[in-house]
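Encoded as structure tokens, the structure appears first; notes follow it.
Protein chains in written order, with UniProt numbering: chain A, 1 to 327; chain B, 1 to 327.
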């Protein structure tokens, strides 16, 4: 089966369903041709996922397809862009129809939800590698960047922090959990993250800086702080408040370990953003309107570096051991 | 060495040299932000190259960097687009400074020639895989597509046909060649193709259909014929006329074998295009102005399929053996 057949069979749909008005030419020519709306800038991001490194090779293919696109859409969300389309470059050792059907199904379902059609790409034989490049648009000069945080700004996260890392601990066998529903929820948080596109777009003109959480709150926040030339103070209890269920399940851990764990864990794919205190009511209203939890977890300060305190106001060391070193 | 260090060390340059006015935000945020010119459409293409499949692992890294970008720029050329920028996703098993310096040097030199800056991407540990996605712009509705060929149109190629495949035969040891200068030229044609960007842009409004030659003239022409619903008649002698030096070196081959070889060989990365006979003078003038050889090799006919004739008007069978079956 040739590469063109592969693309056509699994990655296009009857009558190119899912193509939006912005797609002038889709799959099948030398280039895809997109028509952004007048006056809009183009936002572009690209992430490469390698089997055995970024995902388990036996990951449910529908979830893998979802996640490969979701992590890219999350970058569009972080800059406040509206999706236009994406390209997929896919290397596979073997072509298995059932796997491809589920993989493309998971990917195209998420694409459809966000009006982000697949417009081109490449497939080849090789070690399993998934590279998506995603394109979005946003009004000129309105991109949310990492460099806009100012001392006095509040620091926020969307969704829950730490759940994806807990899901990874379950899949790795670092942790066992009797509560099947919670276990399923945590694994889904790892394998099927929700890109916060609507939230990112609504935060244009409100947030002073934003990025998405992929490598863990602590490390990712460092990028905002470095780009903005500021420091941050984090309320550890507010971070834990994003996921009461997780911390109840890990109640045997001291609070400081819970906080350090939440700040270290990756794969959250939530938005981390800053905004002036005057925006608190507007941000709460946006979260409520979108039914997306938004939690204020600290504030931006002059200087540099991150300080974290627990419920007693005591500083939290950030190098506390995680599952693999703790019972 | 972390992925961010890797990117910063080899793939950015002091003061982001090479960024054009179209780059509002380059490497270092969640997304790159590009500003296409008003009224322009966006052209996008993506190619994935896997070590051992698309290139020899011991390929000169500067040429590999050049080629990885060139094959993508060639797709922009084929639709008549002007480059805006590209993203690079790179998986490497090991990080070797000397290799990366040469690889990025070859890639960024070509990028600079075509004002096509690197604006983002991803690097990761994994089996060596190079995925570039390239973005260009062109006036609305003026993209050169595969679907516009009409019976009576002339069929053209730029540059030389078959030389890249001959270079591959030399590298594979299928063929030996005493002429060192010719050998070097043929290998360079394989390893460092020249994307025909200026030609593609000048052909907007003149060519009726176009694509770039990657898999071999015969197979690639099939895509134009299928998309346009037409057939083609090829003058084999005109194809050979694109590279007198090669066919002189292969003078022991019967002409029909030479013709079949030229039509089967891949990696030419030249433009294949069609145009009405009324455009002959305009096309000759463009080729002369750009110093790019442009050869008329046949014509589009009603019906379907490809017929090829030799200098005696005899049909050429297209399944004649290549180097590996011929002394």
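From the three backbone atoms N, C-alpha and C, an ideal C-beta is built for every residue, glycine too.
Exercise for review: Compare the C-beta of residue 150 of chain B with all C-beta atoms of chain A and state if any pair is closer than 8 Å.
Suggested key: no
Point to revise | Endpoints, the beta strand (DSSP E) within which residue 40 of chain B is located | key: 40-50
Practice item. Let me know the secondary structure DSSP gives residue 66 of chain A once reduced to three states. Key: helix
Check your understanding: Got a sec? Which residues, its chain only, sit under 7 Å from residue 69 of chain B by beta carbon, not counting five neighbours each side?
Key -> 86, 107, 110, 111, 132
Check your understanding: Of all Cβ atoms in chain B, is any one closer than 8 Å to the Cβ of residue 67 of chain A?
Key -> no
Review point. Taking Cβ positions, are residue 207 of chain A and residue 263 of chain A nearer each other than 8 Å?
Key: no
Check your understanding: Could you check where the alpha helix (DSSP H) with residue 299 of chain B kicks off and where it finishes?
Key -> Premise fails: residue 299 of chain B lies in the beta strand (DSSP E), 294-301, not in any alpha helix (DSSP H).
Check your understanding: Counting pairs of beta carbons, one from the segment 227-240 of chain A and one from the segment 169-181 of chain A, are three or more of them closer than 8 Å?
Key -> no
Check your understanding: Quick one, which of A/73, A/154, A/153, A/89 has its alpha-carbon nearest residue 332 of chain A's?
Key -> In the structure displayed, chain A extends from 1 to 327; residue 332 of chain A sits before or after that span and is not available.
Practice item. Determine the contact status of residue 255 of chain B and residue 310 of chain B, defining contact as a CB-CB distance below 8 Å. Key: yes
Review point. In whole angstroms, what separates the C-alpha of residue 105 of chain A from that of residue 42 of chain A?
Key: 27 Å
Point to revise | 4-residue-minimum alpha helix (DSSP H) runs that sit fully inside the segment 194-253 of chain A, ordered along the chain | key: 197-202, 217-228, 236-240, 244-249
Point to revise | Assigned secondary structure, residue 168 of chain A (DSSP; H/G/I helix, E/B strand, else coil) | key: helix
Check your understanding: Taking Cβ-Cβ distances shorter than 7 Å, what residues in chain B pair up with residue 76 of chain A?
Key -> 31
Review point. Is residue 316 of chain B helix, strand or coil by DSSP?
Key: coil
Exercise for review: Report yes or no: is there a C-beta of chain A within less than 8 Å of the C-beta of residue 10 of chain B?
Suggested key: no
Exercise for review: Verify the CB distance criterion: does residue 140 of chain A have a CB-CB separation below 8 Å to chain B?
Suggested key: yes
Review point. When you compare only the Cα positions, how much space is there between residue 128 of chain A and residue 95 of chain B?
Key: 20 Å
Exercise for review: Using a threshold of 8 Å, state whether the C-beta atoms of residue 285 of chain B and residue 156 of chain B are closer than that.
Suggested key: no
Review point. With a cut-off of 8 Å, does the C-beta of residue 230 of chain A fall near any C-beta of chain B?
Key: no
Practice item. Mind checking which residues open and close the beta strand (DSSP E) that includes residue 92 of chain A? Key: 82-92
Check your understanding: So residue 78 of chain A and residue 211 of chain A are in contact, right, with Cβ under 8 Å, and what is the actual spacing, rounded?
Key -> 5 Å
Exercise for review: State the DSSP-derived secondary structure class of residue 179 of chain B, mapped to helix, strand or coil.
Suggested key: coil
Check your understanding: So with Cβ pairs under 8 Å, would you call residue 103 of chain A a contact of chain B?
Key -> no
Exercise for review: Look at the alpha carbon of residue 21 of chain B and the alpha carbon of residue 161 of chain B, and state the distance between them as a whole number of angstroms.
Suggested key: 37 Å
Review point. Of the residues A/279, A/46, A/219, A/194, which one's Cα is nearest the Cα of residue 130 of chain A?
Key: A/46
Point to revise | Residue span of the beta strand (DSSP E) that contains residue 108 of chain B, given as start and end | key: Taken as a continuous stretch (DSSP letters only), residue 108 of chain B belongs to no beta strand (DSSP E), being part of the alpha helix (DSSP H) at 97-113.
Point to revise | Helix, strand or coil at residue 36 of chain B [DSSP, three-state] | key: coil
Check your understanding: Under the three-state reduction of DSSP, which class applies to residue 130 of chain A: helix, strand or coil?
Key -> strand
Point to revise | Contact with chain D by residue 35 of chain B, beta-carbon distance below 8 Å | key: The structure shown has no chain D; the protein chains it does contain are A and B.
Exercise for review: Just grab the DSSP bridge partners of residue 159 of chain B for me.
Suggested key: Partner(s): none; residue 159 of chain B has no beta bridge.
Review point. Do the segment 137-152 of chain B and the segment 59-66 of chain A meet, that is, are 3 or more Cβ pairs less than 8 Å apart?
Key: no
Exercise for review: Taking only beta-carbon positions, decide if residue 238 of chain A is within less than 8 Å of chain B.
Suggested key: no
Exercise for review: Find the nearest neighbour of residue 186 of chain A within the set A/219, A/265, A/204, A/235, judged by alpha-carbon distance.
Suggested key: A/265
Check your understanding: Can you check whether the CB of residue 223 of chain B is closer than 8 Å to the CB of residue 301 of chain B?
Key -> no
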